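I have placed the structure first, in the form of structure tokens, so that the comments after it can refer back to it.
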Amino acid sequence: MKYLFCLLIPIGISLLILSIKYVIRLVNAEIVYEMPCTDNEGAFTIKGDGRYGPWISGKLFTKSPIGEFGFKVINQHTGKEIQLSSILLRSKVNGFKTGRMELYSFRAEKGTYIISLNGEASARDKTGASVRNSINRQFVDYNSYSVQIRNHISGYVLMLCIFGIIFASMATLAGIIIPIVL
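Adding 22 to a residue's 1-based position in the sequence shown gives its number in the working numbering.
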């Protein structure tokens with residue numbers, strides 16, 4: 023019976039490797055386009071159909087421009103505005119000096135698009151900006167921030183991978199400890 027618990031070790035290790043591999047893939051999503059926040063408009067090309075999202079990237083521990091402006095994405099070929107979906111669980115990736123956060127997501131087909139910073143921020147971002155402005159009266163340094171278009175990262179998939187890492191670690195430890203105790 024105790025040898026059955028030893029099967030938890032390879033199961034846990036394989037799940038751990040798979041979960042870590044997927045988290046790394048999500049964190050290192052390729053940049054489709056990058057534009058400084060000082061520019062009001064830019065054009066980018068999407069090579070394949072899928073979900074994409076605008077990210078704000080910049081220095082950590084400085085006042086961010088989130089809530090100062092909104093985004094508008096327009097298909098250059100058709101002239102139609104692409105609907106941006108608000109994200110409930112926003113994905114964030116931080117390094118030692120810089121960080122980035124996904125603000126919206128949109129579905130796009132292959133083609134060329136125009137992104138503009140139009141000043142129409144969402145109510146959620148405006149509320150956060152007003153609270154942040156009442157606490158921190160510094161001006162936003164737009165030169166240290168940029169807008170990136172990246173592949174969309176689902177917060178739910180990221181959360182599932184994190185739970186997979188936790189479960190895999192527990193299964194591996196249980197596979198080691200339980201046979202010793204029994």
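For each residue, glycine too, the CB sits at the ideal point set by N, CA and C. Since the model is a prediction, treat every value here as computed from it, not as a measurement.
Query	Result
Collapsed DSSP secondary structure at Gly150 in the structure displayed	helix
Boundaries (first-last residue) of the beta strand (DSSP E) holding Ala65	63-68
Simplified DSSP state of Met123, which is helix, strand or coil	strand
Nearest candidate by alpha-carbon position, reference Gly101, set Gly133, Gly92, Cys59	Gly133
Start and end residues, alpha helix (DSSP H) containing Pro201	177-203
Whole-number beta carbon distance between Gly89 and Ala51, since they are thought to touch under 8 Å	The Cβ separation is near 24 Å, so there is no contact.
Nearest neighbour of Asn138, chosen from Tyr25, Leu38, Glu131, Tyr55 [CA to CA]	Here residue 138 is Ser; the residue named in the question, Asn, does not match the sequence. Selected option, being the one with the closest Cα: Tyr55.
First through last residue of the alpha helix (DSSP H) which encompasses Pro76	No alpha helix (DSSP H) contains Pro76, which is instead part of the beta strand (DSSP E) from 72-81.
Assigned secondary structure, Lys24 (DSSP; H/G/I helix, E/B strand, else coil)	helix
Residue range of the unbroken beta strand (DSSP E) whose run includes Lys94	93-97
Beta-carbon separation (whole angstroms), Glu124 vs Ile175, contact threshold 8 Å	6 Å
Proximity below 8 Å, CB of Ile33 to CB of Ile187	no
Separation of Val179 from Ser113, as counted between CA atoms	11 Å
Gly72 burial status per 10 Å Cβ neighbour count (16 or more: buried)	exposed
Inter-residue Cα distance where the pair is Asp147 and Leu38	36 Å
Per DSSP, the bridge partner or partners of Tyr135	Phe66, Asn97
Spatially closest choice to Val49 from Ala65, Gly64, Met57, Trp77, by CA coordinates	Trp77
Cys28 classed as buried or exposed, judged by whether at least 16 other C-beta atoms fall within 10 angstroms	exposed
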